[in-house]
Amino acid sequence: MKIPVKQEKYYGDEQIQVLEGLEAVRKRPSMYIGSTSSRGLHHLVYEIMDNSIDEALAGYCDLIQVIINKDNSVTNIDNGRGIPVGIHPKMGISTLEVVHTVLHAGGKFGGEGYSVSGGLHGVGASVVNALSEWMEVKVMREGKIYRQRYERGVPVTKVEVIGECEQVGTITTFKPDPEIFDDIVFDHEILLKRFRELAFLNRGLTIKLIDDRNDERKETTLHYEGGIVSFVKYINQNKNTIHDDIIYLSAEKENAEIEIAIQYTDSYVENVFSFANNIATTEGGTHVTGFKTAITKVINDYARKYNYLKENEKNLSGEDVREGITAIINIKLLEPQFEGQTKTKLGNADIRSFTEAVVNEKLQYILEENPKTAKIIVEKSITSSRAREAARKARELTKRKTALDSASLPGKLADCQEKDPRLCELFIVEGDSAGGSAKQGRDRRFQAILPLWGKMLNVEKARADKIYGNDKLTPIITALGAGFNEDMDLSKLRYHKIIIMADADVDGSHIRTLLLTFIFRYMKELIENGHIYIAQPPLYKVKKGKEEHYVYNDRELKKLMNEKGWEKGDPSITIQRYKGLGEMNPDQLWETTMNPETRKLLKVDLSNPVVADEIFTILMGEKVEPRKEFIQRYAKKVTNLDI
Ligand code: 0RA
Numbered sequence: 001m002k003i004p005v006k007q008e009k010y011y012g013d014e015q016i017q018v019l020e021g022l023e024a025v026r027k028r029p030s031m032y033i034g035s036t037s038s039r040g041l042h043h044l045v046y047e048i049m050d051n052s053i054d055e056a057l058a059g060y061c062d063l064i065q066v067i068i069n070k071d072n073s074v075t076n077i078d079n080g081r082g083i084p085v086g087i088h089p090k091m092g093i094s095t096l097e098v099v100h101t102v103l104h105a106g107g108k109f110g111g112e113g114y115s116v117s118g119g120l121h122g123v124g125a126s127v128v129n130a131l132s133e134w135m136e137v138k139v140m141r142e143g144k145i146y147r148q149r150y151e152r153g154v155p156v157t158k159v160e161v162i163g164e165c166e167q168v169g170t171i172t173t174f175k176p177d178p179e180i181f182d183d184i185v186f187d188h189e190i191l192l193k194r195f196r197e198l199a200f201l202n203r204g205l206t207i208k209l210i211d212d213r214n215d216e217r218k219e220t221t222l223h224y225e226g227g228i229v230s231f232v233k234y235i236n237q238n239k240n241t242i243h244d245d246i247i248y249l250s251a252e253k254e255n256a257e258i259e260i261a262i263q264y265t266d267s268y269v270e271n272v273f274s275f276a277n278n279i280a281t282t283e284g285g286t287h288v289t290g291f292k293t294a295i296t297k298v299i300n301d302y303a304r305k306y307n308y309l310k311e312n313e314k315n316l317s318g319e320d321v322r323e324g325i326t327a328i329i330n331i332k333l334l335e336p337q338f339e340g341q342t343k344t345k346l347g348n349a350d351i352r353s354f355t356e357a358v359v360n361e362k363l364q365y366i367l368e369e370n371p372k373t374a375k376i377i378v379e380k381s382i383t384s385s386r387a388r389e390a391a392r393k394a395r396e397l398t399k400r401k402t403a404l405d406s407a408s409l410p411g412k413l414a415d416c417q418e419k420d421p422r423l424c425e426l427f428i429v430e431g432d433s434a435g436g437s438a439k440q441g442r443d444r445r446f447q448a449i450l451p452l453w454g455k456m457l458n459v460e461k462a463r464a465d466k467i468y469g470n471d472k473l474t475p476i477i478t479a480l481g482a483g484f485n486e487d488m489d490l491s492k493l494r495y496h497k498i499i500i501m502a503d504a505d506v507d508g509s510h511i512r513t514l515l516l517t518f519i520f521r522y523m524k525e526l527i528e529n530g531h532i533y534i535a536q537p538p539l540y541k542v543k544k545g546k547e548e549h550y551v552y553n554d555r556e557l558k559k560l561m562n563e564k565g566w567e568k569g570d571p572s573i574t575i576q577r578y579k580g581l582g583e584m585n586p587d588q589l590w591e592t593t594m595n596p597e598t599r600k601l602l603k604v605d606l607s608n609p610v611v612a613d614e615i616f617t618i619l620m621g622e623k624v625e626p627r628k629e630f631i632q633r634y635a636k637k638v639t640n641l642d643i
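620 is the number that our numbering gives to position 620 of the sequence shown; each next residue is one higher, with no gaps.
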C-alpha cells in the first residue's frame, strides 16, 4: 500500500475497499480528472465548487468564496447547509468522512436537484482528496464547528468538534499533491474566467475569488443580477450590436428548466454558446438542435407574415438566421446524458422537443411585441441569405474549376513523400526565406512545407464568399485537402499535424492570429480534433566555448544560467537573440523547431469557446479601442497563445 497510514486503526472490509479506491485514483489520476496538467489541476477547484453550486441550485447557498492561499492550497467556502456529519447508515462512519473517502459518494447523496452527476467531471470530493497532499474540511452546522483532516485521501483525524458558531456552511481547503501534478501553481486568470461564467449561468449567486499569494490581496466579486442577459452583453461588448434590447426567454417543466438570451451584431459569425448543468456543451446536443430548428421557423414565419419574404422567394436557412447572432442556451436538468467524443454533447431526447416548443412559442411572441427589433433581425437574415447565394455560386465555380484540374496542389507547396495523412506534417511558414530554410532543413519523408507571403485576408471582417478564390487562403485549403465551412470533410485531410511556424515578433504574431482566425471560423474541426499546432522557435542561442544551448523563453534563459553558474557579463559567453526564423540556417531550424525528437510544439486548444471568440473578436474585429487595451494589457506578459 503506497498511501501512508498515519493512524493506528482497525480496518474493516469497507475501509480496505476505500483505501483501494483511493489508490486507484492516485495510480490513474487522468481517468478521473482528465489529465495531470494545468487543466486537471484547475478541475480540482471546479470539482469542490460543484458541490457548493449544487447547494446553491437547491436554494440553500448564495455565496461561494474561493481563496488561493500563499502555499498554493485552495480554500472553498460556502454558506450552504453544511455537509452532514452524522453517522452514515450504511458505512457506519460520519457522512463527512464517507463523502471524502468513498469514490462516487460525492455531493450527490441527496439524489435531488440539478447536480452534474454523470457529467464531465462529476467525480466528487473524494477524488480531489485522493489527489491532494492534504485536505481539511470544516463544517458549520447546528451551532458547532466540525473538522476532519486527510493526507493523500486518508483520514488522519476523526471528525471532531473544534468549536461553536452561529453560521452554517462548509469550508474545504486542499493542497494539490506535487507527486501527481506536473505543476501545482494555480492560474488566477483561468479560475477567474470560469468563475465569471458560473456567475453568469447562476443568476444571483455571488462568487468571490481571493488571491492571497502576493503581498497585496487580489479580490474579485462576481455577481450578475442579469444572469445570461449579462453574459450576452459581456460577449458583445466589443462588437457592434444592431438592436438594443437583449431577447430573453425561459421556461420549465418537471425535470428541466431552460433560459435563452439572444442579441444580434453586425458581424458575420454565429456564436451560440450552450450549457447543461453549468457544463459547456461544446459539441451541442438536443437543446441546441431544438433551438436552431425553432429560431429558423419563427423568423421565416414572421418574414412571410409581414411580407419581408415574397411568395416566390426561398425560405431563409438556419445559417442565414444565425448570422451575427450571440446566444446563450442555459439548461439545468435532472439525469443529464452527456455524449460525444469529449462528453460535451447533451443527449436527452425530451429536451429537443421541449426547447423547440418553448422557442417557437416565446420567440414568436417577442417578435410580435417588438416589431422594430424583428425588422432588424429579418433584414439581416435576408442580406445574409443573398450573400450566401453569391458564395454558393463562387463555390460552384471553384468546384468546377478544381474538377477540371483535380489533384492540382499549390505551386509553392513542397510536399512530403509519405502518403498516410496520420504520419504527415504540414508546416505553414511565414516568409519566403524562412520557407526556403524549412524546405532544406525538413525531413522530406513526412514533412511538407507551404510558404505564405504577403497580406492575409482578415476573415473576421469578410463574408464567406470572399474566401473562394482568395489567393492567400486557397493554397492552404487545397494543400490541406479537406475543404472548408459546410464542405469540410476531415477524412480527406492530407496532414494530421498542421504546424504554423512564424516569427516571434509582431508581424509573426499578426499572421499567426489571422491564420488561426480563419481556421477557427471556417475549419474549426481541425482545432477540435487536435490537428493545429504552433511551432516554438527558440528565442536565444547561448554559447560558451564548444557548449551550445537553445533557449525558448526568458525564464529558461535564467534557469540555464543559474544551473550552469554562468554570469551574463562573462565575455566568454555569447547570447544570441533570434529575431526571426530567417536567421537560422536549415540545420538549426531542423534541430530547434522541426525535429520531432527535440522541438517544442504548442497544441491549439479551444477548450473555452467563449474565451476563444473573445480573443479573436478583440484581435481581428471592428472596434479598435478594445484591441489597443488588450495589446497593452498583454504585451508585457506575452506567453503562449493558449486559447
Ligand atoms: C445534501 C444534504 C445536506 C447538505 C449537503 C448536501 C451539502 C453538501 C455540500 C458540499 C459542499 N457544500 C455543501 N453543502 C451542503 C444537508 C441536508 C440537511 O441539512 O438536512
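Built from N, CA and C at the ideal position, the CB exists for glycine as well.
At least three beta-carbon pairs within less than 8 angstroms, the region 154-163 to the region 193-202: no
With a cut-off of 8 angstroms on the beta carbons, I'd call residue 191 and residue 45 a contact; round off their distance for me. Working through the sequence shown from its first residue, we reach residue 191 at position 191. Working through the sequence shown from its first residue, we reach residue 45 at position 45. 6 angstroms between Cβ atoms; contact.
In whole angstroms, what is the alpha-carbon distance linking residue 207 and residue 225? Indexing the sequence shown from 1 puts residue 207 at position 207. Indexing the sequence shown from 1 puts residue 225 at position 225. For residue 207 and residue 225, the distance between alpha carbons rounds to 13 angstroms.
Please state the DSSP three-state secondary structure of residue 271. Numbered from 1 along the sequence shown, position 271 holds the residue referred to as residue 271. Residue 271: strand per DSSP, three-state reduction.
Please return the same chain residues whose Cβ sits closer than 8 angstroms to the Cβ of residue 238, not counting the five positions on each side in sequence. Counted from its first residue, the sequence shown places residue 238 at position 238. Around residue 238: 614, 617, 618, 621, 623, 626.
Going by the CB atoms, is the gap between residue 434 and residue 580 shorter than 8 angstroms? Mapped onto the sequence shown, residue 580 falls at position 580. Mapped onto the sequence shown, residue 434 falls at position 434. It is a contact, given that the beta carbons lie within the stated cut-off.
Of the choices 215, 597, 563, 52, whose alpha-carbon is the least far from that of residue 278? Counted from its first residue, the sequence shown places residue 278 at position 278. The candidate whose alpha carbon is nearest that of residue 278 is 52.
Does DSSP classify residue 630 as helix, strand or coil? Against the sequence shown, residue 630 aligns to sequence position 630. Residue 630 falls in the helix class under three-state DSSP.
Excluding the 5 residues preceding and the 5 following residue 321 in the sequence, name in chain order all residues of the same chain whose CB lies nearer than 7 angstroms to its CB. Start at 1 with the first residue of the sequence shown, and residue 321 comes out as number 321. Counting only Cβ-Cβ distances below 7 angstroms, and skipping sequence neighbours, we find 295, 296, 299, 381.
Tell me which residue opens and which closes the beta strand (DSSP E) that residue 163 is part of. Start at 1 with the first residue of the sequence shown, and residue 163 comes out as number 163. Per DSSP, residue 163 belongs to the beta strand (DSSP E) from 160-164.
What does a CB cutoff of less than 7 angstroms around residue 120 pick up in its chain, not counting 5 residues either side in sequence? Translated into positions along the sequence shown, residue 120 becomes position 120. The predicted model places residue 120 with a pLDDT of 38, which falls under 50 and marks its position as unreliable; any figure quoted below should be read in that light. These residues qualify, in order along the chain: 279, 338, 343, 344.
Which residue marks the beginning of the beta strand (DSSP E) containing residue 137, and which one marks its end? Locating residue 137 in the sequence shown gives position 137, counting from the first residue. Residue 137 -> beta strand (DSSP E) spans 132-141.
Among 375, 69, 416, the one whose alpha carbon lies nearest that of residue 173: In the sequence shown, the residue the question calls residue 173 occupies position 173. The residue with the shortest Cα to Cα distance from residue 173 is 69.
Taking C-alpha atoms, which residue in 50, 58, 71 lies nearest to residue 65? Translated into the one-based positions of the sequence shown, residue 65 becomes position 65. Ranking 50, 58, 71 by Cα distance to residue 65 puts 50 first.
For my contact list, residue 448 and residue 414 are in at a C-beta cut-off of 8 angstroms; report their separation, rounded to the angstrom. Within the sequence shown, numbered from 1, the residue matching residue 448 stands at position 448. Within the sequence shown, numbered from 1, the residue matching residue 414 stands at position 414. Indeed they touch by this definition, with Cβ atoms about 6 angstroms apart.
Beta-carbon separation of residue 79 and residue 168 under 8 angstroms? Position 79 of the sequence shown, counted from the first residue, corresponds to residue 79. Position 168 of the sequence shown, counted from the first residue, corresponds to residue 168. Yes.
Among 468, 93, 538, 496, nearest to residue 387 - alpha-carbon criterion: As a working note, residue 387 is residue 387 in the sequence shown. If we check each option's Cα against that of residue 387, 468 comes out closest.
Kindly list the residues whose CB is nearer than 7 angstroms to the CB of residue 553, restricted to its own chain and excluding five residues on each side of it in sequence; keep chain order. In the sequence shown, residue 553 corresponds to position 553, counting from 1. Within the same chain, residue 553 has close Cβ partners 539.
Name the DSSP bridge partner or partners of residue 483? Locating residue 483 in the sequence shown gives position 483, where the first residue counts as 1. Residue 483 is not bridged to any residue.
In whole angstroms, give me the CA-to-CA distance for residue 107 and residue 56. If you number the sequence shown from 1, residue 107 lands on position 107. If you number the sequence shown from 1, residue 56 lands on position 56. Below a pLDDT of 50, predicted positions are generally treated as unreliable, and residue 107, at 42, falls in that range; the measurement from the model is reported next regardless. Each residue's alpha carbon lies about 12 angstroms from the other.
Please go through the same chain and pick out, in chain order, the residues whose beta-carbon is closer than 8 angstroms to the beta-carbon of residue 30, but skip the five residues on each side of it. Working through the sequence shown from its first residue, we reach residue 30 at position 30. For residue 30, where only same-chain residues beyond five positions count, the Cβ hits under 8 angstroms are 36, 40.
Can you tell me which of the three DSSP states residue 549 falls into? Counting from 1 along the sequence shown, the entry for residue 549 is found at position 549. Strand, per DSSP.
Beta carbon of residue 136 nearer than 8 angstroms to that of residue 149: If you number the sequence shown from 1, residue 136 lands on position 136. If you number the sequence shown from 1, residue 149 lands on position 149. Against a cut-off of 8 angstroms, the Cβ pair of residue 149 and residue 136 comes out as a contact.
On the premise that residue 520 lies in contact with residue 612, defined as a C-beta separation below 8 angstroms, what is that separation, rounded to the nearest angstrom? Within the sequence shown, residue 612 is the residue found at index 612, counting from 1. Within the sequence shown, residue 520 is the residue found at index 520, counting from 1. Contact holds; Cβ gap of about 6 angstroms.
Does the region 283-293 touch the region 350-365, meaning 3 or more C-beta pairs lie closer than 8 angstroms? yes
Whose CA, out of 459, 411, 578, lies closest to the CA of residue 549? As a working note, residue 549 is residue 549 in the sequence shown. Answer by Cα proximity: 578.
What would DSSP say about residue 593, mapped onto helix, strand or coil? For the purposes of this step, residue 593 is identified with residue 593 of the sequence shown, where counting begins at 1. Three-state DSSP puts residue 593 in a helix.
Whole-number beta carbon distance between residue 26 and residue 131, since they are thought to touch under 8 angstroms: Here residue 131 is taken as the residue at index 131 of the sequence shown, counted from 1. Here residue 26 is taken as the residue at index 26 of the sequence shown, counted from 1. With a Cβ gap of about 7 angstroms, residue 131 and residue 26 count as contacting.
Please confirm whether any heavy atom of the ligand 0RA lies closer than 7 angstroms to the CB of residue 78. Residue mapping note: residue 78 aligns to position 78 of the sequence shown, counting from 1. At least one heavy atom of the ligand 0RA is nearer than 7 angstroms to the Cβ of residue 78, so yes.
Only counting the same chain, and skipping five residues up and downstream in sequence, which positions put a Cβ closer than 8 angstroms to that of residue 456? What you label residue 456 is simply residue 456 of the sequence shown in a count that begins at 1. Cβ neighbours of residue 456 beyond the five flanking positions: 472, 473, 511, 514, 515, 518.
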